[in-house]
Every structure is written in structure tokens, then in C-alpha cells.
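Note sheet for the following structure.
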Amino acid sequence: MLSVICFSKDRPLQLEAYLQSLTWYSGLRPSLISVLYADSPEISYDNLRQRYPDVNWRRESSFHADLLDLVRTSRDHILLGCDDVFFTDHFDANVALEQLVNDPTLFGFSLRLGLNLHSLPDITRRGEVIVWDWTRAAFGHWSYPWEVSASIYRRKDVERYLVTTPESTNPNRFEAIRAQALETSRDVVAPRLASFIRGKCLTLTVNRVQDEFPNEFDDSRDTDVQALYRAHQAGRQLDWPSFNGTQNKVIHVDASYFRMCDAIAPPPVELEDVIIQAPAVWLDHRQLRFKVFFWRYVVKLKEAMRPHIPRKLMRLFRKILRMG
Amino acid sequence: MNVYIKSFNRPFYLDRCIRSIKFNVRGCDRIIVLDDGTQSQYLRKLEALHPDVEIRSSGAGDRKVEMLRAENFAAIQAEFPVSSDFWTAELSKEPDSYFFLLEDDAWVSQRLDLAMVRANIEQNSGVIFKCWWPDSPASPHNVLRSLRAANGQSVDYYDFKAEKVTDLYAIWIVAFAIFRRDYWLSSFAGVKRMADEHTQLCNVQDFISRQPQVRFAKSAVRSVYQGWAVPGRSTPEYYDKGLRQHLYMDALNDVWLAGAFNVAESFPYDFSDAYLVSVFRDRLPAESIAIWQNWKTREIRYFY
Numbered sequence: 004m005l006s007v008i009c010f011s012k013d014r015p016l017q018l019e020a021y022l023q024s025l026t027w028y029s030g031l032r033p034s035l036i037s038v039l040y041a042d043s044p045e046i047s048y049d050n051l052r053q054r055y056p057d058v059n060w061r062r063e064s065s066f067h068a069d070l071l072d073l074v075r076t077s078r079d080h081i082l083l084g085c086d087d088v089f090f091t092d093h094f095d096a097n098v099a100l101e102q103l104v105n106d107p108t109l110f111g112f113s114l115r116l117g118l119n120l121h122s123l124p125d126i127t128r129r130g131e132v133i134v135w136d137w138t139r140a141a142f143g144h145w146s147y148p149w150e151v152s153a154s155i156y157r158r159k160d161v162e163r164y165l166v167t168t169p170e171s172t173n174p175n176r177f178e179a180i181r182a183q184a185l186e187t188s189r190d191v192v193a194p195r196l197a198s199f200i201r202g203k204c205l206t207l208t209v210n211r212v213q214d215e216f217p218n219e220f221d222d223s224r225d226t227d228v229q230a231l232y233r234a235h236q237a238g239r240q241l242d243w244p245s246f247n248g249t250q251n252k253v254i255h256v257d258a259s260y261f262r263m264c265d266a267i268a269p270p271p272v273e274l275e276d277v278i279i280q281a282p283a284v285w286l287d288h289r290q291l292r293f294k295v296f297f298w299r300y301v302v303k304l305k306e307a308m309r310p311h312i313p314r315k316l317m318r319l320f321r322k323i324l325r326m327g
Numbered sequence: 029m030n031v032y033i034k035s036f037n038r039p040f041y042l043d044r045c046i047r048s049i050k051f052n053v054r055g056c057d058r059i060i061v062l063d064d065g066t067q068s069q070y071l072r073k074l075e076a077l078h079p080d081v082e083i084r085s086s087g088a089g090d091r092k093v094e095m096l097r098a099e100n101f102a103a104i105q106a107e108f109p110v111s112s113d114f115w116t117a118e119l120s121k122e123p124d125s126y127f128f129l130l131e132d133d134a135w136v137s138q139r140l141d142l143a144m145v146r147a148n149i150e151q152n153s154g155v156i157f158k159c160w161w162p163d164s165p166a167s168p169h170n171v172l173r174s175l176r177a178a179n180g181q182s183v184d185y186y187d188f189k190a191e192k193v194t195d196l197y198a199i200w201i202v203a204f205a206i207f208r209r210d211y212w213l214s215s216f217a218g219v220k221r222m223a224d225e226h227t228q229l230c231n232v233q234d235f236i237s238r239q240p241q242v243r244f245a246k247s248a249v250r251s252v253y254q255g256w257a258v259p260g261r262s263t264p265e266y267y268d269k270g271l272r273q274h275l276y277m278d279a280l281n282d283v284w285l286a287g288a289f290n291v292a293e294s295f296p297y298d299f300s301d302a303y304l305v306s307v308f309r310d311r312l313p314a315e316s317i318a319i320w321q322n323w324k325t326r327e328i329r330y331f332y
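So the protein sequences, as listed, match chains A and B. Numbers given in the numbering used here equal positions in the first sequence, counted from 1, plus 3. Numbers given in the numbering used here equal positions in the second sequence, counted from 1, plus 28.
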């Protein structure tokens, strides 16, 4: 089964969108989700903690030790996540688990990649899933197997890596150290990745909460963490339902994907109803009734005799029946 | 909708079953275990692990398992003659007109939205929504109408061809389905033994001839898996083949009780043979393991 570990720093508004959209689109219960969060003195997660009491909240004291503890108490597979992600489409996590249980050549299952993105590598389709060899993929995200924003990995594998890298002291390092090790072949993992046909989430790059890794973000609107915190405290929410089913071409989206609202109305679940054929008249009740009448008495007789037939004789009957 | 689980002394499977419901099922009001003889030490641990689950007992206590260990089938039959009476008595108390019925050695392997399924089958006079059926090249289900929700939930209405009584398996199964209560209860009328499925099929025929307007549905693909770590029934048939059910149950149950059993191993598939053999190896003679492997290879492949 699956546990979710989501990293958050100073982004209650975005984290709430992560929690709401994940539980809505995946059906996963909040009790499966752990949030490892860090907060500045002026930003509090108390409101969120009260609103989502079933989530396992862990305030960061030592990132590495806290994460290792969460990983060790997780189920066999872990969805790693970040608060700047929100989900845009339904998915069944069991599909990812089936792939990872069945196929040891898979390293992970991405929820952010899919055929909707640019620069596709050579893809193999397996029903609603696509698979590719990340070691041979030429471009960006397709050749980047280890990422901590929206991918599912085997718990054992995450734990094995984490115990050997005490220098993983924040989520960015946790990702970058292994990404570099894989790029230079210092770490060797299974050669393939899988995802759904369509990506299930977006990474909203409208602010940055650390300066060690200068990831680009769109600061064209008033979306720094303090401004969003004030808005959240005033009751505003990230309007993730308005991006239901978005056909994004890139993973990291800019401020044009940033919308706020006063209340969340989850998108309706669309229903397709297809009539395939008219009912056939196959049931001959009269004939069947006669057979049922016959069988009733045969079965009654058999059941009445059953306790009186010696076990050895029953064994012989069964042998004869099997031979027949 | 309430979810009922029939159980008998396989807590390692029951634990997996309950976890799968919590993981995959939405719209579940209560999980109720109808237990017919799980040993009390295991029930205590289950209650501690799942305090939100209600366990109702048939009153068999520990005695049924003790008799099984002694291979005293005549005594079991004499003292606990009709387990189906217990199931029907409990299910007839169910206040809702629909319930989801599982057995302890099964688990939900896909997302299942009970509220959505229930609303749809109720509207369409559905009496059964099958979540499992045996793998067979000739499907008995002739799909007439197909509903697909964006959240992955599917409801397929089907017709079937019935020339002989066993063809009625197309619209009947003892569990692993959402049932309309009157359909399930009427099919068990007069059934004195769970394995007596012929009487159940005859009852089904009576029911549908009385109520020809009822409809039958299933999920598009199987959404419940049934496991075969140990034989499903405690009957002399298995023991006559050397397959002594209690040996395998005891080995797995004890490892589970000690907290050393991974109930989610290989989920959503069944426990891998390699994992089970690794448990058996420390606890059972090689001959018993060989018999078990032979049974798995020769008889269980039919189902998957």
C-alpha cells in the first residue's frame, strides 16, 4: 500500500491545495498523509493542523532524522510530494502499485509526467500506463528519475538512499544529492520509469522558500509567501478546481495558473453512460425451472446423505469424479 | 453502506482486507466482521489494530480451531453445524437495503466508490454488483450498458445466457459483491452448508423468475482479489490430499501475531509464494511445504 510524505515550508495556502486536490482526485484518506513542515516565526500552520486532524503533522526539528523516521514507518510504497504541487486529474494509486510490484525494472512511478508534455522519449504503452528507459531519454524530466515533488517509489529504496546521505538536510538537497549521484553513475537504480498516460499534477512556481538552489519562479504577481499567508489567514484559497483536467505542456507552470477563491467547490465527477446493446432474450425460465426443480431434489438427497457416507468412500467418489 | 467481512481464523488476511477497505473504499459507513471461530488472541490484536471495526461472533470461540487441529470434522459438524445461519441472521439485521460483502481472504484492489455504485444500481433495480469473478476465456457477462466515471468508478450492466443451473453463476456469487439484501437473503434460504452452492443457484432462479425486472451489474475489471495463501475451506477434502489447512494458518497467524508479517506484501496482488515459503520454512517440515506448493501450482492457477 501507499503512504504520502509531503514537504512544506511557509506555504499553508499552497499546502492546503495539495491536500485537498490529492485527496479529491486520488481518494486517498488524510490519515495516509504525513506533512513534514518548517515554519518561520511569522507563519503558522496551526489553522491547517486543526482543519486536517487526521493528517500526520511533523514539525521539522532535524530534516534527515524526521524524514527517516517517517520513511521507516511508511507502507511499502511512498508518494513523495511538495507543497507547490496541486493535482488536476483523477488517478488510482493501485495502478502505480501494480506496476512497481510487478516490474523490478521500474525505479519509480511519476504523477507529473505524461504524453501531454513536450519532448517525449521512446515510450511503451501498457494500458493506461506508459513506460520508458530513463537512462536513454535525451531530455529533461524524462531522464531525471529521482524527484521529490510527485513520484512514487519503493519504501526500501528511499530508506536505503536516505541512510547513506545524512547530508540530506532539506528537501532540495534530498533530491539534488541523489540526482547528481545518478547522473554520474555513483548510484545505480532500475533503468525504467512509468507514469499515467496523462500527467496528474502541476508545479506552481510562483515563489521560492530557499536560496541554496536558485530555482526560477514567476514573481510577476504578488505571490510571495508572506502575501499568500496573509490571504490564507483572511480565508482565501488556491482555486485548484478551476484547473480540472488541464492539458499542460510543461510541469512547472507560471503565475497564469495561479488563481484564488473564497471557497472550494470540488469539480463534478463526469459520468459517461454508453448503451452497448439491447437485452437479449436468453433466459428460458420454463426450461430452467424444470432443471432447478430436478436439482433441488438431487441436492437435498446429497446433503441428507453426506454425513452418513464414510470419509474414505467420499474420497473415492471425488477421485473418480476428478478422473472423469 | 456497511461492509461485512465473513471470517474464520485467518487474521493475517483479515487485517489485509480491512486495510484495503480503508485504503480503497469510499462511502463505507461501518466495517463489520462476522467471525466464525477466529482464536481470541488474534481477535484481541485485531481490535487493538482496528478499534473502529465492529466484530460480531458466532459464538464458536476457540473450540472450532481446536477441533480442526485435531482433524475432528465430525465433531465440528456436530457442534457447529450451520455457519450460514449465523451469516443470514446477521445480514438480515442490516437496516440498509444494500451491503458490500467480503470474505477475510479477499481485499479491494482498486478504488471503489460505494455511494456512486449504490445510487446507480438502486436507480436501475440492480440486485448484485460483482467485484470478483473467476478468470475464464468465455465470460458469462454480456455487457449491455457501461458507465464510466472520471474518478475511475465503473458500472457495467450485463445480460447472461442460462441453459443449465450452473450458468446462473453469472448472476450469483457468495461474496465479493454489493448485494441487495433481499436477493442475498433469499438465495440463502434453506442452505445448510456454505459449500452447497447448488441450492443457492436454485434460489436465485426462483428469485429472478418472481422479479424479472431486476438487473445485474459488475465492475469493468475485477476490483476485489481473493488470496490463496491457505485453502479457503476447512473440509476433509483438503486434508485427504495431505493439505492440512491449520498448519499453514497457524504458521502465518503466529508470525502476524508477533508483528513480523507484512500484511501488505505484494499488494494489490496476493502474497508472493516466495514470501509465504520464507515464513513456512522456519515453521513447517519440507514435505508440508512441497504439498502446499503443489496445491498452489495445480489447483489455484484456475482463478488467476
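We treat Cβ as the ideally placed atom computed from N, Cα and C, and that holds for glycine.
Do you know offhand how far residue i's Cα is from residue j's?
i	j	result
A:Trp137	B:Ala292	28 Å
B:Glu283	B:Gln67	This sequence places Val at residue 283 of chain B; Glu is not what is there. Approximately 14 Å between the Cα atoms of the pair.
A:Lys252	A:Phe142	14 Å
B:Asn30	A:Ala184	50 Å
A:Leu196	A:Trp243	27 Å
A:Gln229	B:Leu74	47 Å
B:Leu42	B:Asp133	6 Å
A:Arg128	A:Trp145	15 Å
B:Ala103	A:Val151	59 Å
B:Ala166	B:Arg97	40 Å
A:Asp190	B:Asn37	45 Å
A:Leu5	B:His169	33 Å
B:Gly65	B:Leu142	29 Å
A:Gln102	B:Ala302	19 Å
A:Thr206	B:Pro240	53 Å
B:Glu122	B:Asp90	27 Å
B:Ser35	B:Asp63	5 Å
B:Arg28	B:Ser111	Coverage of chain B is limited to positions 29 through 332, which leaves residue 28 of chain B absent and any answer about it impossible.
A:Lys159	A:Asp79	7 Å
At which residues does the beta strand (DSSP E) containing residue i begin and terminate?
i	result
B:Ser294	Here B:Ser294 belongs to no beta strand (DSSP E), and DSSP marks it neither H nor E.
A:Phe112	Leu109 to Ser113
B:Ala134	Ala134 to Val136
A:Ile267	A:Ile267 -> no beta strand (DSSP E), and no H or E assigned at all.
A:His80	His80 to Cys85
Give a yes or no on whether 8 Å exceeds the smallest Cβ distance from residue i to chain B.
i	result
A:Gln23	no
A:Ile155	no
A:Leu319	no
A:Lys203	no
A:Pro282	yes
A:Asp166	Note that residue 166 of chain A corresponds to Val in the displayed sequence, not to Asp. Answer no: the Cβ-Cβ gap between A:Val166 and chain B never drops below 8 Å.
A:Pro194	no
A:Asp190	no
A:Glu162	no
A:Met4	yes
When you compare the CB positions of residue i and residue j, do they come within less than 8 Å of one another, or not?
i	j	result
B:Ile317	B:Arg309	yes
B:Ala205	B:Leu196	no
A:Glu275	B:Leu285	no
B:Val81	B:Val61	yes
B:Tyr211	B:Val155	yes
A:Leu71	A:Leu18	no
A:Asn119	A:Gly202	yes
Hey, quick one: how far does the alpha helix (DSSP H) through residue i stretch, first residue to last?
i	result
B:Lys73	Ser68 to Leu77
A:Ser3	In the structure as shown, chain A starts at 4 and stops at 327, and residue 3 of chain A therefore has no counterpart that could be examined.
B:Pro105	At residue 105 of chain B the sequence reads Gln, which differs from the Pro that was named. Here the alpha helix (DSSP H) through B:Gln105 covers Phe101 to Glu107.
B:Ile149	Leu142 to Gln151
Give a yes or no on whether the minimum CB-CB distance between residue i and chain A is below 8 Å.
i	result
B:Tyr297	yes
B:Gln151	no
B:Cys230	yes
B:Asp224	yes
B:Lys324	no
How about residue i: is its C-beta nearer than 8 Å to some C-beta of chain C?
i	result
B:Pro264	Included in the structure are the protein chains A and B, with no chain C among them.
Does the distance between the C-beta of residue i and the nearest non-hydrogen atom of the ligand MG fall short of 7 Å?
i	result
A:Asn97	With respect to the ligand MG, the structure shown offers nothing to examine, as it has no ligands at all.
Of the residues that make up the stretch 83–114 of chain A, which ones have a beta carbon closer than 9 Å to any beta carbon in chain B?
-> Asp92, His93, Phe94, Asp95, Ala96, Asn97, Val98, Leu100, Glu101, Val104 and Asn105
Could you name the residues of the stretch 56–69 of chain B whose beta carbon sits closer than 8 Å to any beta carbon of chain A, in the order they occur along the chain?
-> none
Could you name the residues of the stretch 220–250 of chain A whose beta carbon sits closer than 7 Å to any beta carbon of chain B, in the order they occur along the chain?
-> The residues in question: there are none.
For the stretch 172–183 of chain B, which residues have a CB atom closer than 7 Å to at least one CB atom of chain A, in sequence order?
-> Leu172, Arg173, Ser174, Leu175, Arg176, Ala177, Ala178, Asn179 and Gly180
Within 9 Å of chain A by C-beta, residues of the stretch 188–207 of chain B in sequence order | Phe188, Lys189, Ala190, Glu191, Lys192, Val193, Asp195 and Leu196
The stretch 57–76 of chain A: positions lying closer than 8 Å to chain B by Cβ = Within the stretch 57–76 of chain A, no residue has a Cβ that lies closer than 8 Å to any Cβ of chain B.
At a Cβ cut of 8 Å, what residues of the stretch 285–315 of chain B count as close to chain A, listed as they run along the chain?
-> Cβ contacts with chain A: Asn290, Ala292, Glu293, Ser294, Phe295, Pro296 and Tyr297.
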